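See below for the structure under consideration.
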Amino acid sequence: AQSVTQLDSQVPVFEEAPVELRCNYSSSVSVYLFWYVQYPNQGLQLLLKYLSGSTLVKGINGFEAEFNKSQTSFHLRKPSVHISDTAEYFCAVLNTGFQKLVFGTGTRLLVSP
Amino acid sequence: GAGVSQSPSNKVTEKGKDVELRCDPISGHTALYWYRQRLGQGLEFLIYFQGNSAPDKSGLPSDRFSAERTGESVSTLTIQRTQQEDSAVYLCASSLAGGSGNQPQHFGDGTRLSIL
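Note that the protein sequences, when read in sequence, are chains F and A.
Take 219 as the starting number for the first sequence in my numbering and just add one per residue.
Take 58 as the starting number for the second sequence in my numbering and just add one per residue.
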């Protein structure tokens, strides 16, 4: 069975600073990896995904993530955050051949001026 | 085009009552998923539909929970004899085909269920 760990429940950061949200996963088989963002009282929006190929994946809103197979990590980064990036971020894995997304518990990014 | 639509957006009900939550997927999406999001937690998978059949119901927490889908459109999630631990946001997602990595899941805004 897969699992996803997001160690940081909350990450406070100042506007225009860089940020990294950590995600580690465990799986005995190949997986696809995703980051979703959830703004208050809204559903989840796909930020980016890793399926295969280049380990550095670029997504929307200036976010990127790097797949590291040896460390089983898929950390999300942004070089300069905006107030509008304040939201909950979820890392998820999908076992290739299955349909069920397994989510981490989420990281709340709090951007202050 | 319209995204995934869920109704109601909020539902408050008394313990012991039955509730029905509705999900309208994106037109043409054959796969539909229900998740539950408890306060401060990640999303828990409940059930997956491919068309109107449910090949994976493994996440339904008890026999009080059931779901059905009409063709490749609307789905309803029913919770009978609600308990306080059922309070959560219930999210629906849809995708083309089987929701593989190449067919990402698109989420609705959820139904916030509060059991008094």
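We put the beta carbon where it would ideally sit given N, CA and C, even for glycine.
Quick caveat, the model's predicted, so the values are computed rather than measured.
Close CB contacts of Gln160/A within its chain, under the 6 Å cut and outside five residues either way in sequence, are with Ser152, Leu153 and Ala154 (chain order). Chain F places no beta carbon closer than 8 Å to that of Gln140/A, leaving this residue out of the contacts.
The Cβ of Gly85/A sits no closer than 8 Å to any Cβ of chain F. Per DSSP, the beta bridge partners of Thr135/A are Glu77/A and Ser123/A. Glu142/A sits in a helix when the DSSP states are folded into three classes. A direct Cα-Cα distance of roughly 18 Å separates Lys267/F from Val237/F.
DSSP lists no beta-bridge partner residue for Pro112/A. In this structure, DSSP gives Ile278/F a helical state, which the three-state scheme calls helix. Residue range Leu100 to Gln107 is occupied by the beta strand (DSSP E) that includes Leu100/A.
Against chain A, a Cβ distance below 7 Å from Thr323/F picks out Gln98 and Gly99. Contacts with chain A (Cβ-Cβ distance below 8 Å) from the segment 256–271 of chain F involve Asn259, Gln260, Gly261, Leu262, Gln263, Leu264, Lys267 and Leu269, listed in chain order. Interface with chain F (8 Å Cβ-Cβ cutoff): Phe122/A is excluded. Taking a C-beta distance under 8 Å as the contact criterion, Gln220/F and Tyr105/A do not qualify as a contact pair. Taken in chain order, the members of the segment 284–312 of chain F whose beta-carbon sits within less than 7 Å of a beta-carbon on chain A are Phe308 and Leu312. Excluding the 5 residues flanking it on each side, Gln263/F has same chain C-beta neighbours closer than 6 Å at Val255, in chain order. Gln162/A has a beta carbon lying within less than 8 Å of a beta carbon in chain F.
The residues Val255, Gln256, Tyr257 and Leu327, in chain order, have a CB closer than 7 Å to that of Ala305/F in the same chain once the five nearest residues on each side in sequence are set aside. Taking the CA atoms as reference points, Cys309/F sits about 9 Å from Leu294/F. In the displayed model, Ser151/A falls within a strand according to three-state DSSP.
Nearest Cα to Ser245/F within the set Asn279/F, Phe321/F and Thr325/F: Phe321/F. Taking a cut-off of 8 Å on C-beta distances, the segment 229–236 of chain F does not touch the segment 133–153 of chain A, as fewer than three cross pairs fall below it. Membership of Tyr257/F in any beta strand (DSSP E) is not indicated, and neither H nor E is assigned to it by DSSP. Here DSSP, grouped into helix, strand and coil, assigns Ile301/F to helix.
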